[in-house]
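Asks: Every position in the sequence shown, counted from 1, becomes a number in my numbering once 96 is added.
Heads up, the beta-carbon is just placed ideally off N, CA and C, and yes, glycines get one too.
Next up is a structure, given as structure tokens.
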Amino acid sequence: MKKIILGSMLAAAFPASFLHALAPKNGDKPTDCEQIVSVHGLLTRAQFECGYSEYNNELISDSAKCFQYELGDEYGKKVLMFGMKEFDRNVKKDGKNRTCNNLLKEFPEYVRK
Numbered sequence: 097m098k099k100i101i102l103g104s105m106l107a108a109a110f111p112a113s114f115l116h117a118l119a120p121k122n123g124d125k126p127t128d129c130e131q132i133v134s135v136h137g138l139l140t141r142a143q144f145e146c147g148y149s150e151y152n153n154e155l156i157s158d159s160a161k162c163f164q165y166e167l168g169d170e171y172g173k174k175v176l177m178f179g180m181k182e183f184d185r186n187v188k189k190d191g192k193n194r195t196c197n198n199l200l201k202e203f204p205e206y207v208r209k
């Protein structure tokens, strides 16, 4: 259940780019693993750029499982990079402070200051 909520939160936080910039591999909607790995990329970039001190290890573990069992290395890296670039796109659009604050609000169970 947490995985589906995670994807919904990302789509709510960054609706247009998430749904259109990365074509899901298996149809119209991103799989749970595509969502998890994308969020992991987004929050990994945010952790370093925003100075977050805490990062949820469960997300790291789930992302690694997705690489191993569903996405594979090549496609998994593309999805991870998409998430990282999503952070960069939002910084360019909204500014770093606003993006960092939005992510803290949207993902309080995954990152903390």
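Under the DSSP definition of a beta bridge, which residues are partnered with arginine 82?
Replies: In this structure the chain extends from 97 to 209, so residue 82 is not present and cannot be described.
Asks: Around the Cβ of phenylalanine 137, are there at least 16 other Cβ atoms within 10 angstroms (buried) or fewer (exposed)?
Replies: Against the sequence shown, residue 137 aligns to sequence position 41. It should be noted that the sequence gives glycine, not phenylalanine, for residue 137. By the neighbour-count rule (16 or more Cβ atoms within 10 Å), glycine 137 is buried.
Asks: How many angstroms separate the CA atom of glycine 168 from the CA atom of valine 135?
Replies: Numbered from 1 along the sequence shown, position 72 holds the residue referred to as residue 168. Numbered from 1 along the sequence shown, position 39 holds the residue referred to as residue 135. The straight-line gap from Cα to Cα measures roughly 17 angstroms.
Asks: Is glutamate 130 buried or exposed, if buried means 16 or more other CB atoms sit within 10 Å of its CB?
Replies: Here the question's residue 130 lines up with position 34 in the sequence shown. That one is buried.
Asks: Using only the alpha-carbon positions, how far apart do serine 159 and asparagine 152 sit?
Replies: Stepping through the sequence shown from its first residue, residue 159 is reached at position 63. Stepping through the sequence shown from its first residue, residue 152 is reached at position 56. Straight-line Cα distance between these residues: approximately 11 angstroms.
Asks: Can you tell me where the alpha helix (DSSP H) with tyrosine 171 in it begins and where it stops?
Replies: The count along the sequence shown starts at 1 and reaches residue 171 at position 75. 168-190 is the extent of the alpha helix (DSSP H) around tyrosine 171.
Asks: Between Asp124, Thr140, Pro120, Val175, which lies nearest to leucine 199 when the distance is taken from Cα to Cα?
Replies: On the sequence shown, position 103 is the one that residue 199 refers to. Of Asp124, Thr140, Pro120, Val175, the residue nearest in Cα terms is Thr140.
Asks: Return the CA-CA distance between arginine 194 and methionine 177, expressed in angstroms with no decimal places.
Replies: Here residue 194 refers to the residue found at position 98 when the sequence shown is read from its first residue. Here residue 177 refers to the residue found at position 81 when the sequence shown is read from its first residue. Taking the straight line joining both Cα atoms gives about 21 angstroms.
Asks: My output table needs one value for histidine 116: the three-state DSSP class, helix, strand or coil.
Replies: Working through the sequence shown from its first residue, we reach residue 116 at position 20. Note that histidine 116 has pLDDT 45, beneath the 50 cutoff, so the model's placement of it is unreliable and the number below is only indicative. In this structure, histidine 116 counts as helix in the three-state DSSP scheme.
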